[in-house]
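See below for the structure under consideration.
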Amino acid sequence: MQVDAIVLAGDREGRALLPVGSRPMILWVLEALQYSGCIRRLVVSGPQELTAVLPAGVTLVPAGRTAVESALNGAALFPDAEWLLLVTADIPLLKPEAVQDFLERCRRRRADFYYPIVSRERNEASYPGVKRTYVRLRDGIFTGGNMVLIRAAVLPDCARKSQELVRLRKSPLALSRLAGLGFIIKFLTRRLTIAEAEKEFSRLLGARGAAIISPHPEIGIDVDKESDLQLARRVLGSGPATCSTKK
Numbered sequence: 466m467q468v469d470a471i472v473l474a475g476d477r478e479g480r481a482l483l484p485v486g487s488r489p490m491i492l493w494v495l496e497a498l499q500y501s502g503c504i505r506r507l508v509v510s511g512p513q514e515l516t517a518v519l520p521a522g523v524t525l526v527p528a529g530r531t532a533v534e535s536a537l538n539g540a541a542l543f544p545d546a547e548w549l550l551l552v553t554a555d556i557p558l559l560k561p562e563a564v565q566d567f568l569e570r571c572r573r574r575r576a577d578f579y580y581p582i583v584s585r586e587r588n589e590a591s592y593p594g595v596k597r598t599y600v601r602l603r604d605g606i607f608t609g610g611n612m613v614l615i616r617a618a619v620l621p622d623c624a625r626k627s628q629e630l631v632r633l634r635k636s637p638l639a640l641s642r643l644a645g646l647g648f649i650i651k652f653l654t655r656r657l658t659i660a661e662a663e664k665e666f667s668r669l670l671g672a673r674g675a676a677i678i679s680p681h682p683e684i685g686i687d688v689d690k691e692s693d694l695q696l697a698r699r700v701l702g703s704g705p706a707t708c709s710t711k712k
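Counting with this note's numbering, you get residues 466 to 712 for the letters of the sequence shown.
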């Protein structure tokens with residue numbers, strides 16, 4: 466499955482350029498995508514400072530004020546795309562096989578957008594002590610991944626609706642009105658299933674969504690605190706920079 470990819474690197478902290486091993490964090494992510502053999506074209510949405518480190522063939526577009534706006538900026542470069550893979554720039558442990566596996570699992574299901582989730586058991590077995598935010602469902606305990614595969618045609622509408630959900634995230638009453646009290650109660654009492662969550666988010670976003678259980682915890686280990694950065698540096702060490710930065 467060949468798709469076009471957009472790497473979101475517009476966070477205010479500038480994490481994409483943090484050194485991990487012998488190179489900036491974003492280069493580990495770009496290498497995993499390129500070596501997966503699944504990426505047709507690749508664009509980064511981020512600050513101008515990234516120009517100096519991006520490998521040949523990777524285009525830079527300005528970041529938006531939000532991740533959603535950054536995704537739309539990147540999508541504008543691929544007006545003929547059928548599928549877009551949105552990936553954050555702060556998952557340096559990402560491996561090519563994780564990308565391949567996710568896309569293959571997506572191919573087996575019919576949906577408009579796909580979101581990876583990883584079980585707590587898998588995370589802790591591979592990276593003991595790693596701190597993640599988990600959600601307890603009837604099917605198990607999961608954390609979210611840091612990429613989304615989405616049909617390009619539905620991205621603008623989904624982006625608009627997701628921005629509204631983000632805007633309401635601190636208002637439980639408003640979210641309850643949107644999702645319905647029954648959904649909220651099931652979630653709070655840990656009786657919500659993956660299938661029910663898929664159905665509700667599909668309704669809220671106006672497109673069919675699917676949660677993909679990934680066996681690769683690296684897909685969800687983003688660097689958003691010091692302990693995450695230290696983990697990435699322990700795992701990746703100071704390996705050779707095989708992702709060329711020459712233009």
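Ideal Cβ placement from N, Cα and C applies to all residues, glycine included.
Listed in chain order, the beta strand (DSSP E) runs fully inside the stretch 596 to 680 are 600 to 602, 605 to 609, 612 to 616 and 674 to 678, counting runs of at least 3 residues. For the options P593, L669 and A521, the alpha carbon positioned closest to that of K626 is the one of L669. Per the C-alpha coordinates, the member of V472, M466 and Q467 positioned closest to M612 is V472. Residue burial annotation: V468 is buried, with at least 16 other C-beta atoms found within 10 angstroms of its C-beta. About 13 Å separates the Cβ atoms of L551 and V526, ruling out a contact at the 8 Å cut-off. For A470, the enclosing beta strand (DSSP E) stretches over residues V468 to L473. Remark: C-beta atoms of A676 and I659 approach each other more closely than 8 Å. Under the DSSP assignment, R505 falls in the beta strand (DSSP E) whose first and last residues are I504 to S510. Assignment of R488 by DSSP, reduced to helix, strand and coil, places it in the strand class.
Assignment of T516 by DSSP, reduced to helix, strand and coil, places it in the helix class.
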